[in-house]
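Just so it is clear: in the sequence shown, position 248 is 238 by our numbering, and no numbers are missing. Glycine residues also receive a C-beta, built at the ideal position from the N, C-alpha and C atoms.
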Amino acid sequence: MAAHQEKKFAEERKHQNMQNDTKASQGQWGRAWEVDWFSLASILFLLMFAPLIVYYFIMSCAQYQCSLTDPLLDLLAGNKHLSDIWNRTPMLTYRAAGIYSLWVAFQVVLYTSIPDFCHKYLPGYVGGVQEGAVTPAGVVNKYEINGLQAWIITHVLWFANASCFHFFSPTIIFDNWIPLLWCANILGYAVSTFAMIKGYFFPTNAKDCKFTGNFFYDYMMGIEFNPRIGKWFDFKLFFNGRPGIVAWTLINLSFAAKQQELYGEVTNSMILVNVLQGIYVLDFFWNEAWYLKTIDICHDHFGWYLGWGDCVWLPYLYTLQGLYLVYHPVQLCTVHATGVLTLGLLGYYIFRMTNHQKDLFRRTNGNCRIWGKKPEYIECSYMSVDGTKYYSKLMTSGFWGWARHFNYTGDLMGSLAYCLACGFEHMLPYFYIVYMTILLTHRCIRDEHRCSSKYGKDWKHYTAAVPYRLLPGIF
Ligand code: NDP
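So, in structure tokens, the structure goes:
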């Protein structure tokens, strides 16, 4: 009887989720259909300057001990010309091209050829074949969730090499950092260009394509929603998670190895950065199935923003703290180190619990307990383009009652902790918190704009019940 009721409930839930997600909100899904001048100007700016920004940061570490102002001052004072800086920059090498090709090929093999075994042995882990959200065209994609397995295999091999086999030095990533940057750029541009051509000539699902008619906008924000090669090679899942995020922890380990090589010790700040970012990366892979329901997968199309961003921006700029610590080996006093660890862990806890609360609430359709009580929520409805009415719920309990995006607040606290681990001598390690604040505030506003047009007056009721976005009482 109980089993029968559970099955009925699951079916109702599935039906409701389908209703929530299908064509209904097609008008509000994904990126814009029309391009305003501000979006176009931002896109042109990013297309032109984002690769230069990455180069500037990495070059300033290699040539100016991570000072962000000295290269500019040198150029402005006429002490150096651009050509002087460029001539001192390592070029693409066969060695870096070989390492990078092997790395990407290895990740492709792990992604496509080894079905997940972790979910069979790790209690509570959701892996193997999972369904994504319904796309605007009503398609439900299946994904092979095996990121945790890829991460474990890669790291076991890394440690086996570092401790036993010694095929290559663990400093290999640091030692080839700039030549590898050229390789990452080549892949980032190649995959974005391929995705654009594919969107025009052989899309995976033509109904899930968006064309604005503006070449730059389409190139940047993508045409296809879920480009795939064959049945399983999903561009978004692969490039978002691997090679960039699997590499994140290896890059940090390589920076730690370099510190050891140069100074004979690994500082506590480097250990903190490795541990806190390691927790964040592991969390991402442990929750890879949940990730299928986030904005990246549910709303964003695949273009340069994701393709180049995942290949270049993420591995190079999210790891700036570790790189900085190679040049400035900061040893923190106990109070400072404890403060950073506490802030990092607290931020992670808030980030994870907030995401978990919403996930639980939506999965059980509100039939769950949040902080020991039945959750409170606002019933809301929205109309599909064909005039059909659908229902959903917005939770006002737990962290979702404190602020409308407290998960972002937790993320920002963690990000700040990584930066604070580097001390206060230079600005460079603080780029990350500045960038994350802009990214998540913009994301928050973008998401709320979409929710407001989706839920109308119900969204107003919700914002009246939970008036703050990120910081209760402030913003
Ligand atoms: P959210 O997980 O916050 O999802 C937002 C969606 O949740 C809304 O569109 C709405 O969807 C639904 N929703 C909003 N309010 C409520 C509520 N009160 N109750 C129930 N559902 C609600 O956003 P993201 O996908 O952007 O973020 C996921 C995580 O990933 C975050 O923790 C973020 O910090 C992290 N992140 C990290 C990045 C990085 O580079 N490190 C980049 C981006 C994200 P619906 O239409 O279904 O109602």
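Review point. So, is Q347 buried or exposed, given that buried needs 16 or more other C-beta atoms within 10 angstroms?
Key: Numbered from its first residue, the sequence shown carries residue 347 at position 357. Taking all protein chains shown into account, Q347 has 16 or more neighbouring C-beta atoms within 10 Å of its C-beta and is therefore buried.
Practice item. Indicate the three-state DSSP secondary structure (helix, strand or coil) for K348 in the structure shown. Key: Position 358 of the sequence shown, counted from the first residue, corresponds to residue 348. Residue state for K348 is assigned as helix, using DSSP reduced to three classes.
Check your understanding: In terms of residues, what are the limits of the beta strand (DSSP E) holding N131?
Key -> The residue you call residue 131 lines up with position 141 of the sequence shown. Note, N131: beta strand (DSSP E), V130 to I135.
Point to revise | Inter-residue spacing [alpha-carbon to alpha-carbon] between S29 and W294 | key: What you label residue 29 is simply residue 39 of the sequence shown in a count that begins at 1. What you label residue 294 is simply residue 304 of the sequence shown in a count that begins at 1. Their Cα atoms are separated by approximately 15 Å.
Exercise for review: Report the rounded CA-to-CA distance for G297 versus G362, giving the unit in angstroms.
Suggested key: Counting from 1 along the sequence shown, the entry for residue 297 is found at position 307. Counting from 1 along the sequence shown, the entry for residue 362 is found at position 372. Take the alpha-carbon of G297 and the one of G362: they are about 42 Å apart.
Check your understanding: Is it the case that the CB of Y306 approaches a heavy atom of the ligand NDP more closely than 6 Å?
Key -> Position 316 of the sequence shown, counting from 1, holds the residue named residue 306. No.
Review point. Does any CB atom of chain D fall closer than 7 Å to the CB of G231?
Key: Annotation note: the requested chain D is absent from the structure, which comprises a single protein chain.
Point to revise | Beta-carbon separation (whole angstroms), L147 vs Y115, contact threshold 8 Å | key: Stepping through the sequence shown from its first residue, residue 147 is reached at position 157. Stepping through the sequence shown from its first residue, residue 115 is reached at position 125. About 21 Å separates the two Cβ atoms, so there is no contact after all.
Check your understanding: Below 7 Å between beta carbons: does that hold for N131 and N216?
Key -> Position 141 of the sequence shown, counting from 1, holds the residue named residue 131. Position 226 of the sequence shown, counting from 1, holds the residue named residue 216. When the beta-carbon positions are compared, N131 and N216 come within less than 7 Å of each other.
Check your understanding: Considering only the beta carbon of each residue, do S443 and I423 sit closer than 7 Å?
Key -> Taking the first residue of the sequence shown as 1, we reach residue 443 at position 453. Taking the first residue of the sequence shown as 1, we reach residue 423 at position 433. Result no, Cβ atoms of S443 and I423 do not sit closer than 7 Å.
Practice item. Measure the C-alpha to C-alpha separation of L58 and K364 and round it to an integer number of angstroms. Key: Here residue 58 refers to the residue found at position 68 of the sequence shown. Here residue 364 refers to the residue found at position 374 of the sequence shown. Their Cα atoms are separated by approximately 51 Å.
Review point. On the three-pair Cβ rule with 8 Å, is the segment 262 to 277 touching the segment 406 to 417?
Key: Result yes; three or more Cβ-Cβ pairs closer than 8 Å.
Review point. In whole angstroms, what is the alpha-carbon distance linking R352 and Y54?
Key: Residue 352 sits at position 362 when you count from the first residue of the sequence shown. Residue 54 sits at position 64 when you count from the first residue of the sequence shown. A straight line joining the alpha-carbon of R352 with that of Y54 spans about 50 Å.
**Study point:** Straight-line Cα distance separating R359 from C173
**Key:** In the sequence shown, the residue the question calls residue 173 occupies position 183. In the sequence shown, the residue the question calls residue 359 occupies position 369. Distance between the alpha carbons of C173 and R359: 49 Å.
Point to revise | Between the CA atoms of N355 and F47 - distance to the nearest angstrom | key: To locate residue 47, count along the sequence shown from 1; it is residue 57. To locate residue 355, count along the sequence shown from 1; it is residue 365. Taking the straight line joining both Cα atoms gives about 46 Å.
Check your understanding: Can you tell me where the beta strand (DSSP E) with C323 in it begins and where it stops?
Key -> For the purposes of this step, residue 323 is taken as the residue at position 333 of the sequence shown. Looking at the DSSP string, C323 is not in any beta strand (DSSP E), and its letter there is neither H nor E.
Review point. How would you write the range of the beta strand (DSSP E) that S382 sits in, first residue to last?
Key: Counting from 1 along the sequence shown, the entry for residue 382 is found at position 392. Segment K379 to M385, the beta strand (DSSP E) holding S382.
Review point. Among all the DSSP beta bridges, which residues are the ones paired with D224?
Key: For the purposes of this step, residue 224 is taken as the residue at position 234 of the sequence shown. DSSP lists R218 as partners of D224.
Practice item. Find out if the Cβ-Cβ distance for the pair L460, T399 is shorter than 7 Å. Key: Here residue 460 is taken as the residue at index 470 of the sequence shown, counted from 1. Here residue 399 is taken as the residue at index 409 of the sequence shown, counted from 1. T399 is positioned such that its CB atom lies closer than 7 Å to that of L460.
Exercise for review: Note down the Cα distance separating P160 from K450, rounded to an integer number of angstroms.
Suggested key: For the purposes of this step, residue 160 is taken as residue 170 along the sequence shown, with counting starting at 1. For the purposes of this step, residue 450 is taken as residue 460 along the sequence shown, with counting starting at 1. Distance between the alpha carbons of P160 and K450 is about 54 Å.
Exercise for review: Using alpha carbons as the reference points, say which of F421, G391, A86 and M38 lies closest to L177.
Suggested key: Counting from 1 along the sequence shown, the entry for residue 177 is found at position 187. Among F421, G391, A86 and M38, the Cα nearest to that of L177 is on A86.
Review point. Helix or strand or just coil, what does DSSP make of I213?
Key: Position 223 of the sequence shown holds residue 213. The three-state reading of DSSP puts I213 in coil, since its state is none of H, G, I, E or B.
Point to revise | Endpoints, beta strand (DSSP E) assigned at Q120 | key: Looking up residue 120 in the sequence shown gives position 130. For Q120, the uninterrupted beta strand (DSSP E) segment begins and ends at G118 to V124.
Review point. CA-CA distance, M403 and R433?
Key: Indexing the sequence shown from 1 puts residue 403 at position 413. Indexing the sequence shown from 1 puts residue 433 at position 443. If you draw a straight line from the Cα of M403 to the Cα of R433, it is about 17 Å long.
Check your understanding: Roughly how many angstroms separate the alpha carbons of I142 and A127, rounded to a whole number?
Key -> Looking up residue 142 in the sequence shown gives position 152. Looking up residue 127 in the sequence shown gives position 137. Distance between the alpha carbons of I142 and A127 is about 35 Å.
Check your understanding: Hey, would you say K248 sits closer than 7 Å to V316, going by beta carbons?
Key -> For the purposes of this step, residue 248 is identified with residue 258 of the sequence shown, where counting begins at 1. For the purposes of this step, residue 316 is identified with residue 326 of the sequence shown, where counting begins at 1. It is a contact, given that the beta carbons lie within the stated cut-off.
Exercise for review: Taking 7 Å as the cut-off, decide whether the C-beta atoms of D300 and N242 are in contact.
Suggested key: Numbered from its first residue, the sequence shown carries residue 300 at position 310. Numbered from its first residue, the sequence shown carries residue 242 at position 252. No; because the gap between Cβ atoms is not below 7 Å, this pair is not in contact.
Practice item. Could you tell me the distance, in whole angstroms, from the CA atom of P457 to the CA atom of W390? Key: Walking along the sequence shown from the start, residue 457 turns up at place 467. Walking along the sequence shown from the start, residue 390 turns up at place 400. When rounded, the distance between both Cα atoms is 11 Å.
Practice item. Please name the residue in V256, Y308 and P80 whose C-alpha comes closest to that of Q321. Key: Position 331 of the sequence shown holds residue 321. Restricting attention to V256, Y308 and P80, the CA atom closest to the CA of Q321 is found in V256.
Check your understanding: Taking Cβ positions, are F225 and F155 nearer each other than 7 Å?
Key -> On the sequence shown, position 235 is the one that residue 225 refers to. On the sequence shown, position 165 is the one that residue 155 refers to. Contact: no.
Review point. Which first and last residues belong to the beta strand (DSSP E) in which Y420 is found?
Key: Your numbering for residue 420 matches position 430 in the sequence shown. Y420 -> no beta strand (DSSP E), and no H or E assigned at all.
Check your understanding: Going by the C-beta, is D349 closer than 6 Å to any heavy atom of the ligand NDP?
Key -> Here residue 349 refers to the residue found at position 359 of the sequence shown. Every heavy atom of the ligand NDP is 6 Å or more from the Cβ of D349, so no.
**Study point:** Per-residue burial, F341 [other beta carbons within 10 Å of its own, 16 or more giving buried]
**Key:** Position 351 of the sequence shown, counted from the first residue, corresponds to residue 341. F341 counts as buried, since no fewer than 16 other beta carbons sit within 10 angstroms of its beta carbon.
Check your understanding: What are the residues that DSSP puts in a beta bridge with Y372?
Key -> For the purposes of this step, residue 372 is taken as the residue at position 382 of the sequence shown. In the DSSP output, where bridge partners are listed per residue, Y372 has Y380.
Check your understanding: Can you name, in chain order, every residue of its own chain whose Cβ lies under 7 Å from the Cβ of P419, other than the five neighbours on each side?
Key -> As a first step, residue 419 is located in the sequence shown; it is residue number 429 there, counting from the start. Within its own chain, the residues whose Cβ lies closer than 7 Å to the Cβ of P419, once the five positions on either side in sequence are excluded, are L310, Q311, Y314, C409 and C412, listed in chain order.
Exercise for review: Would you mind working out which of I285, G337, V325 and I89 sits nearest N166, comparing C-alpha positions?
Suggested key: Within the sequence shown, the letter at position 176 stands for residue 166. Comparing Cα positions, the closest option is I89.
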